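Asks: Okay, here's the structure, questions in a sec.
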Amino acid sequence: MQLPVHLTGPSLLPASTSAFLPGRDAAAARHVELEQVRAGDVGSIHSWELVTAVDGPGTRLTVFLAGCGLRCQYCHNPDTWMKRNGTLMTVDELMARVLRYKPVFAATGGGVTLSGGEPMMQSGFVRRIFRACKENGVHTTLDTCGFLGARATDDILDDLDLCLLDVKSGIPETYQLVTTRELQPTLDFGRRLSARGIRTWIRFVLVPGLTDAVDNVDAVADFALEIKNVVERVEVLPFHQMGRDKWHELGLEYQLEDTPPPSLDLLARVRAQFWIRGLTVY
Ligand code: SF4
């Protein structure tokens with residue numbers, strides 16, 4: 007959800023039909039489309055990438071779903087925030103593209119990663135895509151901040167092979183400052199993954215002056231330790247400025263203008279806070 011910076015410009019997907027209809031007809035068609043999105047029949051998709059060695063094992067088709075309810079200060083892709091700005095696509099259309107890559111997934115141990123934005127904004131669509139993937143023998147990964155983890159039905163978790171859980175801070179006040187939202191739903195979702203034995207990679211974005219306090223990192227590391235039965239690795243992701251231009255283009259106030267990437271010493275200190283607890287850290 008956070009790295010890399012997603013593709014910009016037009017999606018590679020077919021345009022929404024309502025774009026070609028004038029006036030009231032277009033509004034009515036758009037209403038029908040949004041109802042379909044709500045029902046999970048159709049997804050609102052920002053973009054996608056074919057990636058290797060990120061977003062899960064092997065070569066993966068990472069699909070970035072549009073929409074997010076958080077407002078992270080360090081978000082690299084604020085252009086994914088609005089669900090209405092995505093391009094609409096049916097489950098069958100997306101699966102046709104997924105299945106084209108099935109030989110690549112099989113050869114590399116890869117699969118499909120649903121990311122965002124926050125994919126659980128479209129939990130019905132996630133459920134259908136994951137079900138279709140499992141019916142076709144395709145590995146599934148969910149890249150989520152966990153804030154909407156309550157929307158992850160047992161059906162979704164039954165079809166989930168790997169979760170990339172973004173834990174944006176370990177102290178509630180810092181989490182609120184970073185994201186504008188509450189930490190607790192993420193912790194609840196992580197504990198649910200643990201109880202169900204779902205493989206999990208924890209991701210933590212290290213931002214100097216924002217998320218780097220020793221006690222904040224300790225709190226994330228303690229949580230990772232608590233659900234260690236499913237945590238295969240912790241990825242400490244260094245903050246970078248590659249998303250700054252998007253904030254400017256969207257006319258948004260960017261609060262990290264002068265924030266540098268973490269130094270090597272800081273990265274080493276933070277990684278050691280996980281490592282010392284016996285966690286595998288990258
Ligand atoms: S969870 Fe945060 S970083 Fe991820 S898309 Fe939403 S605002 Fe951006």
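All residue numbers for the sequence shown refer to the working numbering, where the first residue is 7 and numbers rise by one.
Each residue gets a CB set at the ideal place from its N, CA and C atoms; glycine is no exception.
In this text, all values refer to a predicted model and were calculated from it rather than measured experimentally.
Just the Cα atoms here: how many angstroms apart are Q79 and I208?
Replies: If you take the alpha carbons of Q79 and I208, they lie about 19 Å apart.
Asks: Answer yes or no: the CB of R239 versus the heavy atoms of the ligand SF4, is any distance below 7 Å?
Replies: No, since every heavy atom of the ligand SF4 falls outside the 7 Å radius drawn around the Cβ of R239.
Asks: Hey, T68 and W87: beta-carbon distance below 8 Å or not?
Replies: Against a cut-off of 8 Å, the Cβ pair of W87 and T68 comes out as no contact.
Asks: Rounded to a whole number of angstroms, what is the C-alpha to C-alpha distance between P28 and M95?
Replies: Confidence in P28 is poor, its pLDDT being 49 and thus under 50, which makes the residue's placement unreliable; the coordinate value appears in the next sentence. So the alpha carbons of these two residues sit roughly 21 Å apart.
Asks: Beta carbon of E232, beta carbon of T286: below 8 Å?
Replies: Cβ atoms of E232 and T286: not closer than 8 Å.
Asks: Can you grab the Cα-Cα spacing for the pair T192 / T146, in whole Å?
Replies: Whole-angstrom Cα-Cα distance: 20 Å.
Asks: Would you say the beta carbon of T265 is closer than 7 Å to some non-hydrogen atom of the ligand SF4?
Replies: No.
Asks: In the DSSP assignment, the alpha helix (DSSP H) including H145 goes from what residue to what residue?
Replies: It is not in any alpha helix (DSSP H) - H145 instead sits in the beta strand (DSSP E) that spans 145 to 150.
Asks: Using only the heavy atoms of the ligand SF4, determine whether one of them is closer than 7 Å to the beta carbon of G49.
Replies: No - the ligand SF4 has no heavy atom lying nearer than 7 Å to the Cβ of G49.
Asks: CB of N83 to nearest heavy atom of the ligand SF4: below 7 Å?
Replies: Correct: N83 has its Cβ closer than 7 Å to the ligand SF4.
Asks: Regarding R77 and the ligand SF4, is the C-beta to nearest heavy atom distance less than 7 Å?
Replies: Yes.
Asks: For E124, is the beta carbon positioned less than 7 Å from some heavy atom of the ligand SF4?
Replies: It does: the Cβ of E124 is within 7 Å (strictly closer) of some heavy atom of the ligand SF4.
Asks: Under the criterion of a Cβ to heavy atom distance below 7 Å, does C169 qualify as lining the ligand SF4?
Replies: Not under cutoff, so the answer is no.
Asks: Regarding C151 and the ligand SF4, is the C-beta to nearest heavy atom distance less than 7 Å?
Replies: The answer is yes for C151.
Asks: Note down, one range per segment and in chain order, each alpha helix (DSSP H) of at least 4 residues found wholly within the region 148 to 178.
Replies: As far as the region 148 to 178 is concerned, its whole alpha helix (DSSP H) runs of at least 4 residues are 160 to 164.
Asks: Tell whether a beta-carbon distance below 8 Å holds between G122 and C169.
Replies: Cβ distance not < 8 Å, so G122 and C169 don't count as in contact.
Asks: Check whether the Cβ atoms of R187 and L76 lie closer than 8 Å to each other.
Replies: Going by C-beta atoms, R187 is nearer than 8 Å to L76.
Asks: Quick one: is the Cβ of T147 within less than 7 Å of any heavy atom of the ligand SF4?
Replies: No, the ligand SF4 has no heavy atom inside 7 Å of this Cβ.
Asks: For C139, verify whether its CB is less than 7 Å away from any heavy atom of the ligand SF4.
Replies: No, the beta carbon of C139 sits no closer than 7 Å to any heavy atom of the ligand SF4.
Asks: Are the beta-carbon atoms belonging to F195 and V240 less than 8 Å from one another?
Replies: Result no, Cβ atoms of F195 and V240 do not sit closer than 8 Å.
Asks: Return yes when the C-beta of T217 is under 7 Å from any heavy atom of the ligand SF4, and no when it is not.
Replies: Checking the Cβ of T217 against the ligand SF4 gives no.
Asks: Is the CB-CB distance between V276 and D218 below 8 Å?
Replies: A contact, by the Cβ cut-off of 8 Å.
Asks: Taking the beta carbon of Q128 as the centre, do at least 16 other beta carbons fall within 10 Å, making it buried, or is it exposed?
Replies: Counting Cβ neighbours within 10 Å, Q128 comes out buried, since at least 16 surround it.
Asks: Around the C-beta of D61, are 16 or more other C-beta atoms found within 10 angstroms, so that it is buried, or is it exposed?
Replies: D61 is buried by the Cβ-count criterion.
Asks: If you draw a straight line from the alpha carbon of R106 to that of L166, how long is it in whole angstroms?
Replies: Whole-angstrom Cα-Cα distance: 21 Å.
Asks: So which of C139, G284, I135, H82 has the shortest CA-CA distance to K252?
Replies: The option with the nearest alpha carbon to K252 is H82.
Asks: Applying the 10 Å Cβ sphere with the 16-neighbour rule, what's the burial state of P109?
Replies: When all chains shown are included, P109 counts as exposed.
Asks: Under three-state DSSP, which class holds L27?
Replies: Unreliable positioning characterises L27 in this predicted model, as indicated by a pLDDT of 43, which lies under 50. A coordinate reading is not provided.
Asks: Looking at the unbroken beta strand (DSSP E) that takes in M55, where does it start and where does it end?
Replies: Residue 55 is actually Glu in this sequence, not Met. Element bounds for E55: 48 to 58.
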